[in-house]
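S.K.: Structure below; questions to follow.
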Ligand SMILES: CC(C)(COP(=O)(O)OP(=O)(O)OC[C@H]1O[C@@H](n2cnc3c(N)ncnc32)[C@H](O)[C@@H]1OP(=O)(O)O)[C@@H](O)C(=O)NCCC(=O)NCCS
């Protein structure tokens, strides 16, 4: 028995792997993909088809995504009700994605669902900010529309590139908690919206995707109040608290996603006058390694990137979901093809009454 299935191979996948500290999407290490500077459509296509797209396929995918970035009026009315309070955006996303089933035909494609999830995420952010919901740009990639649909401004080319890289590194991660949740749900032969709703519920937790929001809040507190990070960390660790954005179940020496993101965090922090966030992060990283031998994970430097792009801490996990949705959709499809119910066994450690012991003795005697 291991705690939390550590080290247990729970199934097979062709979509991604984390062998020897590397993250590989369908045969391509993420570092190699990052060098190609792909837009997120390329990453999506790779996860869904296990090969890189041709130019025409890429254009077609982009068109399908933009075409599907619309929500019917009756759905929007419900969404506005759900988002009346500017709180708990991930809970609102979970409910909003669940509601998509009611307004969407059962046979919506992965492209259409991915597009609808993006428009829902950006709508939640706009509604919280008291702003109207925008229409996507027709000739723009997913990353551009993500930023445009929130800010109302076409991003600078460098911001677009960085957002594409952020989306790339968050897209998939083999059997992480939310993806495994999506796969367990898909294995019961239920619908895609139910699988995504379950995945969002898992991603929301602070030990998984919700960590990026906590990192944002920590950095906000430290930089606003000019608190020395070391004193803060000492206090938290003394109280037995975990420092969010540190540690990983699989990566113990370094997280390949964090390595890619760190340089963009520095670049954006310099450009946008938020070097205090970056410098505080560096101090935290040094202390955590010196004291605990813990490494920053994907959620650590992504927080500074999102902050510099103008997002608030409680919006960070929504941005994670806008990317990971592509991975979930790939795994849901693969799980359906495997057509096996995921149903492990457990070791019983509960009370043993006399009746139970008598029953077991009788069984053994047979
Ligand atoms: C991600 C995480 C759940 C991985 O956990 P894991 O491999 O199961 O490791 P454990 O939680 O069992 O931790 C092992 C030890 O390291 C400590 N530890 C792990 N992460 C820590 C953190 N972020 N801060 C402080 N201590 C931490 C644990 O307290 C534990 O110490 P102990 O052996 O003295 O009890 C864990 O590192 C964590 O909770 N990190 C913070 C949340 C986070 O950033 N999540 C995003 C992951 S991408």
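Residue numbers (this note's numbering): 23 to 388.
Note that beta-carbon positions come from the ideal geometry of N, C-alpha and C, so glycine has one too.
Remember, it's a predicted structure, so these values are computed and weren't measured experimentally.
#1: Under the rule that 16 or more other beta-carbon atoms within 10 Å means buried, what is residue 28, buried or exposed?
#2: Would the region 134-143 count as touching the region 322-330 if we require 3 or more Cβ pairs under 8 angstroms?
#3: Is any heavy atom of ligand 1 found at a distance shorter than 8 angstroms from the C-beta of residue 228?
#4: Rounded to the nearest angstrom, how far is the Cβ of residue 65 from that of residue 348, given a contact under 8 angstroms?
#5: Three or more C-beta pairs under 8 angstroms: does that hold for the region 309-322 against the region 260-273?
#6: Quick test of your reading: residue 204 and residue 183, contact by CB under 8 angstroms. State the CB separation rounded to the nearest angstrom.
#7: Classify residue 338 as helix, strand or coil using the three-state DSSP reduction.
#8: Compute every distance between the C-beta of residue 281 and the non-hydrogen atoms of ligand 1, then say whether any falls below 8 angstroms.
#9: Confirm the yes/no value for this check: CB of residue 194, any heavy atom of ligand 1, distance under 8 angstroms.
#10: When you measure from the CB of residue 320 to every non-hydrogen atom of ligand 1, does any distance come out below 8 angstroms?
#11: Using only alpha-carbon positions, find the residue among 237, 228, 367 that is nearest to residue 299.
#12: Who are the near neighbours of residue 173 in its chain, counting only those whose CB is closer than 8 angstroms to its CB and skipping five residues on each side?
#13: Expressed to the nearest angstrom, what Euclidean distance is found between the alpha-carbon atoms of residue 310 and residue 258?
#14: Does DSSP classify residue 268 as helix, strand or coil?
#15: Below 8 angstroms, is the gap between the Cβ of residue 186 and the nearest heavy atom of ligand 1?
#16: Could you check if residue 25 belongs to the surroundings of ligand 1, using beta carbon to heavy atom distance under 8 angstroms?
#17: Leaving aside the five residues before and after residue 39 along the sequence, list all residues of the same chain whose C-beta is less than 7 angstroms from its C-beta, in chain order.
#18: Output the distance between the C-alpha atoms of residue 159 and residue 254, rounded to the nearest integer angstrom.
#19: Does the distance from the C-beta atom of residue 200 to that of residue 346 stay below 9 angstroms?
#20: Apply the 10 Å Cβ neighbour rule to residue 191 and answer buried if 16 or more other Cβ atoms are within range, or exposed otherwise.
#21: Any idea what DSSP makes of residue 278, helix, strand or coil?
#22: Out of 339, 248, 364, point me to the one whose CA is closest to residue 144's CA.
#23: Nearest to residue 342 by CA position, among 59, 165, 297, 302, is which residue?
#24: For residue 373, which three-state DSSP category applies?
#25: Consider the C-beta atom of residue 271 and the heavy atoms of ligand 1; say whether any pair is separated by less than 8 angstroms.
#26: Just to confirm the assignment, what range does the alpha helix (DSSP H) spanning residue 238 have?
M.R.: This is what the structure gives:
#1: Numbered from 1 along the chain shown, position 6 holds the residue referred to as residue 28. Under this definition residue 28 is an exposed residue.
#2: Judged by Cβ distances under 8 angstroms, the region 134-143 makes no contact with the region 322-330, as fewer than three pairs qualify.
#3: Locating residue 228 in the chain shown gives position 206, where the first residue counts as 1. Correct: residue 228 has its Cβ closer than 8 angstroms to ligand 1.
#4: Within the chain shown, numbered from 1, the residue matching residue 65 stands at position 43. Within the chain shown, numbered from 1, the residue matching residue 348 stands at position 326. Right, their Cβ atoms sit about 7 angstroms apart.
#5: yes
#6: For the purposes of this step, residue 204 is taken as the residue at position 182 of the chain shown. For the purposes of this step, residue 183 is taken as the residue at position 161 of the chain shown. Between residue 183 and residue 204 the Cβ distance is about 29 angstroms, and since that is not below 8 angstroms, they are no contact.
#7: As a first step, residue 338 is located in the chain shown; it is residue number 316 there, counting from the start. Residue state, collapsed to three classes: helix.
#8: Indexing the chain shown from 1 puts residue 281 at position 259. Ligand 1 has no heavy atom closer than 8 angstroms to the beta-carbon of residue 281.
#9: Translated into positions along the chain shown, residue 194 becomes position 172. It does not: the Cβ of residue 194 is nowhere closer than 8 angstroms to a heavy atom of ligand 1.
#10: Locating residue 320 in the chain shown gives position 298, counting from the first residue. Within the cutoff, so yes.
#11: The residue you call residue 299 lines up with position 277 of the chain shown. Closest by alpha carbon: 237.
#12: Translated into the one-based positions of the chain shown, residue 173 becomes position 151. 332, listed in sequence order.
#13: By one-based count along the chain shown, residue 310 stands at place 288. By one-based count along the chain shown, residue 258 stands at place 236. Going from the Cα of residue 310 to the Cα of residue 258 covers about 12 angstroms.
#14: As a working mapping, residue 268 is identified with position 246 in the chain shown. Looking at residue 268 - three-state DSSP - the assignment turns out to be strand.
#15: In the chain shown, the residue the question calls residue 186 occupies position 164. Residue 186 Cβ: outside cutoff for every heavy atom of ligand 1.
#16: Taking the first residue of the chain shown as 1, we reach residue 25 at position 3. Residue 25: yes, Cβ under 8 angstroms from ligand 1.
#17: The sequence position of residue 39 within the chain shown is 17, counting from 1. So the qualifying residues of the chain are 46, 196.
#18: On the chain shown, position 137 is the one that residue 159 refers to. On the chain shown, position 232 is the one that residue 254 refers to. In a straight line, the C-alpha of residue 159 is about 44 angstroms away from that of residue 254.
#19: The sequence position of residue 200 within the chain shown is 178, counting from 1. The sequence position of residue 346 within the chain shown is 324, counting from 1. It is a contact, given that the beta carbons lie within the stated cut-off.
#20: Residue 191 sits at position 169 when you count from the first residue of the chain shown. Buried is the call here.
#21: If you number the chain shown from 1, residue 278 lands on position 256. Residue 278: helix per DSSP, three-state reduction.
#22: The residue labelled residue 144 in the question sits at position 122 within the chain shown. The residue with the shortest Cα to Cα distance from residue 144 is 339.
#23: Looking up residue 342 in the chain shown gives position 320. Out of 59, 165, 297, 302, 165 has the C-alpha closest to the C-alpha of residue 342.
#24: Reading the chain shown from its first residue, position 351 is the one you call residue 373. Coil, per DSSP.
#25: As a first step, residue 271 must be located in the chain shown, where it is residue number 249. Yes; taking the cut-off as 8 angstroms, the Cβ of residue 271 has a heavy atom of ligand 1 nearer than that.
#26: As a working mapping, residue 238 is identified with position 216 in the chain shown. Residues 233-246.
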